[in-house]
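In my numbering, the protein residues as written are 968 to 1067. Every residue gets a Cβ at the ideal spot worked out from N, C-alpha and C, and that includes glycine. Predicted model only: the values in this text are computed from it and were never measured.
What follows is the structure, given as structure tokens:
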């Protein structure tokens, strides 16, 4: 498993909280949702065995991927959200067929 190191944890976590508020205020804005999911992935703790942030990110990205399968970031970020042994099959299943 890759180790994530936050160089500026206060700023990074503040950004994630701000993106969460922005995404909540703009539920129909696809990019707000995508960037909030990316912030969740970036701030996911490598020691969190419940994968809380990754699951939140995947929950945001999966319906967006179904609606916008050609979006350049959604499948990429969804794969990263599911980049752990618990969620690996979920990520592969979600984006299978993208390359075809």
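Coarse secondary structure for residue i, derived from DSSP in three states
i            : result
residue 1035 : coil
residue 974  : coil
residue 968  : Any reading at residue 968 must be qualified, since the residue scores a pLDDT of 40, below 50, and its modelled position is unreliable; the value itself is stated next. Correct three-state label for residue 968: coil.
residue 1013 : coil
residue 1051 : coil
Pair within 8 Å by beta-carbon distance, residue i and residue j
i            : j            : result
residue 1011 : residue 986  : no
residue 1029 : residue 1054 : no
residue 1046 : residue 1001 : no
Contact set for residue i: own chain, Cβ-Cβ below 7 Å, skip 5 residues either direction
i            : result
residue 999  : 989, 990 and 993
residue 1027 : 1000, 1003 and 1004
Cut-off 8 Å between Cβ atoms - residues of its own chain near residue i, not counting five sequence neighbours on either side
i           : result
residue 983 : 1003, 1006, 1007, 1009 and 1010
Contact set for residue i: own chain, Cβ-Cβ below 6 Å, skip 5 residues either direction
i            : result
residue 1057 : 1049
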